[in-house]
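In the numbering used here, the protein residues as written are 2 to 104. Beta carbons are placed, not taken as given, at the ideal position from N, Cα and C, and that holds for glycine. Values in this document were obtained by computation on a predicted structure and should not be read as measured data. Data block below; observations after.
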Ligand SMILES: [Zn+2]
């Protein structure tokens, strides 16, 4: 008896996981979310963009986090380069688009 393996299984799981990876609408970074988060207001924001009570942090806080924790640390950018990229990126995201243009 050949052992039954399911080669398609892991690909299917991977695809389902992929479906749950969305970009945060505040910082634009890909994130994974749980079904519970999907059903809540936090669905489109990653944990680093909200405070303890679940509210979106200020532009400056999100900006600072994106610059130091993402671009400088993970992408090894210089401070000035990271600020430039982060500002550009945030200007295109839903959470800040309106705030930027309405003023
Ligand atoms: Zn975020």
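Asked: Span of the alpha helix (DSSP H), counted from its first residue to its last, around residue 60; Found: 60–66
Asked: Residue 65 versus residue 53: straight-line alpha-carbon distance, rounded; Found: 17 Å
Asked: Residue burial classification, residue 71 (beta-carbon count within 10 angstroms, cutoff 16); Found: buried
Asked: CB of residue 27 within 8 Å of CB of residue 46, strictly; Found: yes
Asked: Spatial distance of residue 90 from residue 56 (CA atoms); Found: 21 Å
Asked: Any non-hydrogen atom of ligand 1 closer than 7 Å to residue 79 Cβ; Found: no
Asked: Bridge-paired residues (DSSP) for residue 51; Found: 57
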